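Asker:
Residue numbers (the numbering used here): 86 to 602.
Given below as structure tokens:
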């Protein structure tokens, strides 16, 4: 009976077309086919964004009413049957009573079946690329939704939007032929501007694989920043759980105490000012050094030996030689206490860190306490030491390029001399000894030019953060690598007390090993 009704209905429409059908019909339809009007590319030109593909069926009611018994009944019946799996109430005869365009989100299977129906008037299909934002704090995702509605002035997003605001959304046109059948969509070609990052996606993928190893299951989250020391370009910025607020940028918090990885910077400043040499000796009386929860005296130590065993007493004395004012001046000149990328927006403000006061005392500041930083800030400080004393502000945007990969605007950091080459060289040598002879032994990679420093700092609620920051050489270039494992708890699965030496250091080792294979 239903079939008979549909036949009669089609016959009626064929002999007595409605006023709607006989009216003007647009000769094409225009559909946006992507959520973003620009791409986020890695340094090699690879599109970093992952998409959820949505399948769409459109019924344009004016030409759809032109379907007739002789030509399209079989396909219409097939369409009715296919669409029942998507919408049990679907009935093409009811659609002929509607006006305008009707959109259906359908499955890929239905999409493929509908596309085999070649004769139906007034329908077409397309796919829509929706950004997969489940891992919202991947670099490409938090830079994927820049538009005039969410811009804060003097931010990274506003700088980028100046190049993106005139872009057009990717679209397709569907042309209606003289039989009222739509053609396959023709993509509208617009030469948009796109963001090209300094990120190397191949490196990031390797780091993610390491962070997800079973060896590190006991760590809820880990942040990693890898930077090319000579340029400040960030080649990787990832974390184990990228659905959580970005730890590398300190999103949603003030930052983290760096702990003993800050001692490297204290040494470099004191060397640059000519206040010490690596072989100068100081006496550790156990005033602020602890072991097994009790005061512990290392006795007489050189500066380089003090770094190897991470002696607090000695570096407190070195810090007091520098003085508060000079220490802060050096740190300000390396971009500390300011956002590095200048990322701003709802729930995504990059942390500035916290500048210590004179009342916090140089005893604490010199050993990385009472000061708050982010991993991306620390990679900038370490870059300065590794790059022979020259500071380049870490950057994550390399250029704005068009769809043909022509450079519209290139972004480079300005170089600033902070330390002398001698001070930097001596500090690097001391860092190397930390790995080969000291507390950073779990970061060893044989046959590699490498150096670094462990750090353990106190977080909120009495939990600790495990750090390792260092450098290595790869393909003739030096790289700075900072690892943070926030809120690590108290005990390693093997029973040891947790700290940077058995969290950040082995991750550092595994990353360097993998990248140099």
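Cβ atoms here follow ideal geometry from the backbone N, Cα and C, with glycine treated the same way.
Computed from a predicted structure; not experimentally measured.
Can you give the Cα-Cα distance for residue 360 and residue 555, rounded to whole angstroms?
Answerer: Near 24 angstroms, if we compare the C-alpha coordinates of residue 555 and residue 360.
Asker: Nearest-angstrom Cα distance between residue 170 and residue 198?
Answerer: Taking the straight line joining both Cα atoms gives about 12 angstroms.
Asker: Please classify residue 460: is it buried, with 16 or more other beta-carbons within 10 angstroms of its beta-carbon, or exposed?
Answerer: Buried, because 16 or more other Cβ atoms sit within 10 Å of the Cβ of residue 460.
Asker: Below 8 angstroms, can you find three or more Cβ-Cβ pairs linking the stretch 145 to 156 to the stretch 178 to 195?
Answerer: Segments in contact, yes.
Asker: Using alpha carbons as the reference points, say which of 153, 163, 186 and 177 lies closest to residue 141.
Answerer: With distances taken between Cα atoms, residue 141 lies closest to 186.
Asker: Tell me which same chain residues have a C-beta within less than 8 angstroms of the C-beta of residue 578, skipping the five on either side of it?
Answerer: Taken in chain order, the residues that qualify are 303.
Asker: Compute the distance between the beta-carbons of residue 314 and residue 285, then report whether it is under 8 angstroms.
Answerer: Contact: no.
Asker: Using DSSP's beta-bridge definition, name the partner residues of residue 552.
Answerer: Paired residue(s): 540 and 569.
Asker: Helix, strand or coil for residue 381 per DSSP?
Answerer: Coil, per DSSP.
Asker: Suppose the cutoff is 6 angstroms on Cβ atoms and the five residues either side in sequence are ignored; what does the same chain contact list for residue 242 look like?
Answerer: These residues qualify, in order along the chain: 231 and 236.
Asker: So, for residue 453: in the same chain, excluding its five sequence neighbours on each side, which residues have a beta-carbon less than 8 angstroms away from its beta-carbon?
Answerer: Here the set comprises 342, 343, 344, 345, 346, 347, 348, 540 and 542.
Asker: Could you compute how far the alpha carbon of residue 520 sits from the alpha carbon of residue 504?
Answerer: Those two C-alpha atoms are separated by around 23 angstroms.
Asker: Between the C-alpha atoms of residue 486 and residue 193, what's the straight-line distance to the nearest angstrom?
Answerer: Looking at the two C-alpha atoms, the distance is approximately 33 angstroms.
Asker: How big is the Cα-Cα spacing for residue 163 and residue 261?
Answerer: Distance between the alpha carbons of residue 163 and residue 261: 22 angstroms.
Asker: What does the alpha-carbon distance come out to for the pair residue 107 and residue 150?
Answerer: In this prediction, residue 107 has a pLDDT of 33, which is less than 50 and means its spatial position is unreliable; nothing more can be read from the coordinates.
Asker: Run through DSSP, which three-state label would residue 581 get?
Answerer: Here residue 581 sits in coil by DSSP.
Asker: Alpha carbon to alpha carbon, how far is residue 336 from residue 388? Give it in angstroms, no decimals.
Answerer: Taking the straight line joining both Cα atoms gives about 35 angstroms.
Asker: Residues in its own chain within less than 7 angstroms of residue 594 by CB, not counting five upstream and five downstream?
Answerer: Around residue 594: 527, 528, 529 and 530.
Asker: With 16 other CB atoms within 10 Å as the buried threshold, where does residue 492 fall?
Answerer: Exposed.
Asker: Provide the residue(s) that pair with residue 559 in DSSP beta bridges, ordered along the chain.
Answerer: Residue 559 pairs with 562.
Asker: Could you tell me the boundaries of the alpha helix (DSSP H) in which residue 149 lies?
Answerer: Unbroken alpha helix (DSSP H) run through residue 149: 146 to 149.
Asker: How should residue 278 be labelled, buried or exposed, when 16 other C-beta atoms within 10 angstroms of its C-beta is the threshold for buried?
Answerer: Burial call: buried.
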